Every structure is written in C-alpha cells, then in structure tokens.
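Student: Attaching a single structure in structure tokens format; questions to follow.
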Amino acid sequence: MTYNYEYFLASVVQQQAAFSWLLATIAFLFIINQRQPRKRKTPPGPKPWPITGNLNLLGSIPHQSLDSLSQKYGELMLLNLGSTPVLVASSPKTAKLVLKTHDAVFASRHTPALGARLFEGGALFWSPYGPWLRQGRRILSAELGVTRKIDSLEYVRVEERISLVSRLYEEAAASKPVLLRDHLSKLTGSISARLLSDHKKSCKTGDGRELRTTPIDMKRLNELVEEFFRLGGLVSNLGDWVPWLRPFDLQGCEKRVKGFSEEYEQFLDPVIEEHRALMKAAGKDFVPNGLIDVFLQRADDPNVEESEVALTRHRIMGLIHVIL
Numbered sequence: 001m002t003y004n005y006e007y008f009l010a011s012v013v014q015q016q017a018a019f020s021w022l023l024a025t026i027a028f029l030f031i032i033n034q035r036q037p038r039k040r041k042t043p044p045g046p047k048p049w050p051i052t053g054n055l056n057l058l059g060s061i062p063h064q065s066l067d068s069l070s071q072k073y074g075e076l077m078l079l080n081l082g083s084t085p086v087l088v089a090s091s092p093k094t095a096k097l098v099l100k101t102h103d104a105v106f107a108s109r110h111t112p113a114l115g116a117r118l119f120e121g122g123a124l125f126w127s128p129y130g131p132w133l134r135q136g137r138r139i140l141s142a143e144l145g146v147t148r149k150i151d152s153l154e155y156v157r158v159e160e161r162i163s164l165v166s167r168l169y170e171e172a173a174a175s176k177p178v179l180l181r182d183h184l185s186k187l188t189g190s191i192s193a194r195l196l197s198d199h200k201k202s203c204k205t206g207d208g209r210e211l212r213t214t215p216i217d218m219k220r221l222n223e224l225v226e227e228f229f230r231l232g233g234l235v236s237n238l239g240d241w242v243p244w245l246r247p248f249d250l251q252g253c254e255k256r257v258k259g260f261s262e263e264y265e266q267f268l269d270p271v272i273e274e275h276r277a278l279m280k281a282a283g284k285d286f287v288p289n290g291l292i293d294v295f296l297q298r299a300d301d302p303n304v305e306e307s308e309v310a311l312t313r314h315r316i317m318g319l320i321h322v323i324l
C-alpha cells in the first residue's frame with residue numbers, strides 16, 4: 001500500500017486555510033463587538049414584543065394606558081413602540097427635565113407620517129432641533145411672548161368674550177341646552193383667527209381706500225383642527241413605528257394623512273395670498289393687520305440676516321398652525 005504524499009500535503013494546506021479563515025472570522029466578530037457601544041442603563045419599562053414592541057399595551061385610549069403603566073414603572077419609563085424607543089415623562093418634575101432643562105437633547109422627536117407630510121415638513125411640532133426650529137420659536141416668542149404686544153391685543157379678547165356672553169344669554173333665554181365645549185371652542189378659535197387676520201380691522205391706502213380681509217371660515221377651520229388632533233393622536237399606525245411597513249399602508253393612515261395635508265394647505269393658501277395681495281395694494285402705507293402680515297413682511301424683508309432660514313410658504317403655514 002503506497003501513501004499519497006501529495007494528497008496528504010494538499011489536505012494539510014486546506015485544513016490550515018480553513019483554520020485561518022475561522023480565526024479571521026472570530027477576530028472580526030470580536031473587533032465588531034468591542035466597537036459596539038455598551039448597553040446603557042435605561043429607565044424601566046415593559047419588555048417589548050418582536051416587531052410591534054409595546055404597541056399592544058396602548059389600547060384604544062392611549063393616555064389612560066400610559067397613566068396605568070407609569071403607576072407600575074415610575075414617572076420616567078421607556079417604551080418601545082415598534083422599532084422606536086420612546087421616553088415617557090409623566091410627572092411635572094420629569095416633564096420639566098425633558099422639555100426645559102434638556103430641551104436641546106430631546107427637541108428632535110420621532111416624526112410620524114403626519115409630521116413628514118404636513119406643510120412638507122414645515123410644521124414646528126415635529127421639526128428636528130436646528131435652525132428652523134430655533135428661528136420659529138424666536139418669531140413666535142417675539143410676537144406672542146412680549147407683554148406689550150399681548151396687551152395691545154386685549155381688545156380682541158374683550159370683543160370675543162362679549163360675543164360669547166351674548167350667545168350664552170340668547171340660548172339661555174330661549175331655554176335651549178348650552179354645550180359649553182362648543183362655545184369655548186368657538187371662543188378660542190375666534191381669538192386665534194383674529195390674531196392671525198383681524199377682518200374687523202381695516203387698512204387704509206394712500207388714496208383713501210379701506211382694505212379688509214375676508215373672515216376666516218371658522219366652521220371649516222374647526223373641522224380641520226379636529227381632524228389634525230385625531231390624526232396626530234393616532235399612535236396605532238404601524239407605519240409610524242415600523243418604517244419598513246410604511247410603504248404598504250396597511251391601515252390606510254398614509255392615504256388619510258395625505259388627503260388631510262392637501263385639504264389643510266388648500267384652506268390656508270387663499271388666506272395667505274389675500275394678505276399678500278393687500279400688502280401689495282397698500283404699498284408703503286401698509287400696516288400689519290394680524291400675524292400673517294407680520295410673517296409675510298419677515299419673508300420679504302431684504303435686511304434679514306443671512307443666518308436666518310428663509311420663511312417659505314410652507315413654513316409660514318407651519319407658524320400659522322401653531323397659533324391655531
């Protein structure tokens with residue numbers, strides 16, 4: 001019996017090559033594991049299910065479910081909604097830490113389908129922490145957070161409160177049931193609308209003409225605002241929390257959000273364009289008549305600092321929406 005030394009040598013070489021590949025693979029996995037960040041200590045929370053995470057715990061009334069979970073896991077807890085970790089602060093102390101003390105850290109929040117679609121991402125609610133969010137906050141603070149400007153608009157609040165009392169008196173005199181929710185909703189909506197565009201106040205031009213804006217359709221506006229809150233509170237949309245499911249639109253939420261975004265823009269567009277036309281007609285005699293005019297003046301101001309983000313049509317809509 002002869003021994004095939006060539007076969008033996010080839011077998012040894014193959015074994016050495018396989019062993020080298022094995023060592024290289026182990027070394028590669030070890031290096032990758034060392035480079036991965038160590039799992040940090042996180043707030044307590046329920047153990048998530050695969051894919052859906054803790055979505056099953058939210059139920060049909062999410063705010064009540066979150067309250068129950070906070071009783072079990074504490075005032076600061078971590079939920080995993082789909083593949084997205086969500087920090088829940090359920091006490092004044094923890095809310096202050098998240099919203100004020102560490103605002104710059106937590107300002108960039110998860111963007112749902114509504115936030116991505118609405119005003120082409122110009123809504124401040126879901127804007128990531130950056131130049132636009134900081135500038136939008138500065139604009140709103142300058143117009144709504146200064147005592148002098150708030151006092152100058154007191155007449156609007158007084159007139160609308162008088163209108164509210166008159167409506168309540170008329171219904172009471174007619175022995176009709178009074179639905180306070182509807183009346184208070186109308187009060188706040190009317191005040192907000194007049195802060196944006198006061199149709200009761202005219203603007204005079206150099207040739208003596210008086211220009212007024214058309215009153216905002218409050219009924220339609222209230223319908224849109226209510227639909228916004230319904231869609232904004234729709235936490236059960238799987239596509240928002242499991243990104244690879246979003247293109248399939250399993251629950252029809254994407255279609256609904258798209259339709260709403262288009263309707264909202266179609267509602268605000270003519271309002272903005274009317275103000276722009278009045279500004280042009282008044283020329284140098286123009287005096288701002290509401291915050292929409294202020295936003296448009298900022299957008300057209302040639303002296304705006306280069307560091308500021310351009311106030312596009314969609315960003316102006318985003319500012320209007322915050323007030324509404």
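For what it's worth, the UniProt record's numbering labels the leading residue of the sequence shown as 1, then goes sequentially. Ideal placement from N, C-alpha and C gives every residue a C-beta, glycine not left out. Every value quoted in this text rests on a predicted model; they were computed, and no experiment measured them.
Looking at the unbroken alpha helix (DSSP H) that takes in Asn222, where does it start and where does it end?
Tutor: Here the alpha helix (DSSP H) through Asn222 covers 218-232.
Student: Considering only residues of the same chain and omitting the five flanking positions on each side of Gly157, which have a CB-CB separation below 7 Å?
Tutor: Sequence check: residue 157 is Arg here, not Gly. These residues qualify, in order along the chain: Ile191.
Student: Going by DSSP, what residue range makes up the beta strand (DSSP E) through Leu78?
Tutor: 76-81 is the extent of the beta strand (DSSP E) around Leu78.
Student: Could you give the uninterrupted runs of the alpha helix (DSSP H) lying entirely in the stretch 91-135, keeping only those of 4 residues or more?
Tutor: The stretch 91-135 contains these whole alpha helix (DSSP H) runs: 92-96, 103-106, 113-117.
Student: Any contact of the stretch 253-261 with the stretch 114-121, i.e. 3+ C-beta pairs under 8 Å?
Tutor: Flag = yes, the stretch 253-261 and the stretch 114-121 touch.
Student: Rounded to the nearest angstrom, what separates Thr147 and Met279 at their Cα positions?
Tutor: Taking the straight line joining both Cα atoms gives about 27 Å.
Student: With Trp241 and Gly82 assumed to form a contact (beta carbons below 8 Å), what rounded beta-carbon distance in angstroms separates them?
Tutor: Right, their Cβ atoms sit about 3 Å apart.
Student: Output the distance between the C-alpha atoms of Leu140 and Lys47, rounded to the nearest integer angstrom.
Tutor: Straight-line Cα distance between these residues: approximately 41 Å.
Student: Taking DSSP as the reference, what is the three-state secondary structure of Ala174?
Tutor: Coil.
Student: Quick check on Ser127: buried or exposed, where buried means 16 or more other Cβ atoms within 10 Å of its Cβ?
Tutor: Classification of Ser127: buried, given that the 10 Å Cβ count is 16 or more.
Student: Helix, strand or coil for Val88? Go by DSSP, reduced to three states.
Tutor: Correct three-state label for Val88: strand.
Student: Assuming Pro43 and Leu87 are in contact, meaning their beta carbons sit under 8 Å apart, how far apart are those beta carbons, in whole angstroms?
Tutor: With 8 Å as the limit, Pro43 and Leu87 qualify as a contact, their Cβ atoms being about 7 Å apart.
Student: Can you name, in chain order, every residue of its own chain whose Cβ lies under 7 Å from the Cβ of Ser65, other than the five neighbours on each side?
Tutor: Correct list, in chain order: Leu57, Leu58, Gly59.
Student: Is the CB-CB distance between Ala89 and Tyr129 below 8 Å?
Tutor: Not in contact: Ala89 and Tyr129 (Cβ atoms no closer than 8 Å).
Student: Could you tell me the boundaries of the alpha helix (DSSP H) in which Arg194 lies?
Tutor: Per DSSP, Arg194 belongs to the alpha helix (DSSP H) from 180-196.
Student: Helix, strand or coil: how does DSSP classify Gly290 here?
Tutor: Of the three classes helix, strand and coil, the one that applies to Gly290 here is coil, per DSSP.
Student: Just the C-alpha distance for Val178 and Leu187, rounded to the nearest angstrom, thanks.
Tutor: Straight-line Cα distance between these residues: approximately 14 Å.
Student: According to DSSP, simplified to helix, strand and coil, what is Gly45?
Tutor: In this structure, Gly45 counts as coil in the three-state DSSP scheme.
Student: Glu227 and Gly239: beta carbons closer than 8 Å?
Tutor: The answer is no: Cβ separation not under 8 Å.
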